[in-house]
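What follows is a short report on a single structure.
In the numbering used here, the protein residues as written are 3 to 73.
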């Protein structure tokens, strides 16, 4: 629950943790998705990466305590 309280969300399709880039406001494309820059956790490189993504809200796990274990 620690990551969730810091605005990180689990992306179920890409299987990654991500959060919005706090310096950029995403463009809302529809009630179901937006495009913008996000910070993604890369567990293989053990670092955060900034990526431009189209984010569909339905791909995010919004249930507290239901995300996978953090490495």
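Quick reminder that beta carbons are idealized off the backbone N, C-alpha and C, glycines included. Keep in mind the model is a prediction, meaning the values are calculated, not measured.
By a C-beta neighbour count over all protein chains shown, 10 Å radius and 16 as the cutoff for buried, is residue i buried or exposed?
i	result
residue 31	exposed
If you compare alpha carbons, which of the options is closest to residue i?
i	options	result
residue 28	7, 59 and 64	59
residue 55	12, 10, 22 and 6	22
residue 35	61, 19, 4 and 65	61
residue 37	7, 13, 57 and 65	57
residue 11	45, 52, 25 and 41	41
residue 53	64, 26, 46 and 63	26
residue 8	45, 51, 24 and 15	24
residue 39	15, 33, 46 and 50	50
residue 46	17, 64, 4 and 63	17
On the premise that residue j lies in contact with residue i, defined as a C-beta separation below 8 Å, what is that separation, rounded to the nearest angstrom?
i	j	result
residue 19	residue 43	4 Å
Next on the checklist: If we require 3 or more residues per run, which beta strand (DSSP E) segments fall completely within the segment 30-61?
Outcome noted: The segment 30-61 contains these whole beta strand (DSSP E) runs: 35-44 and 49-58.
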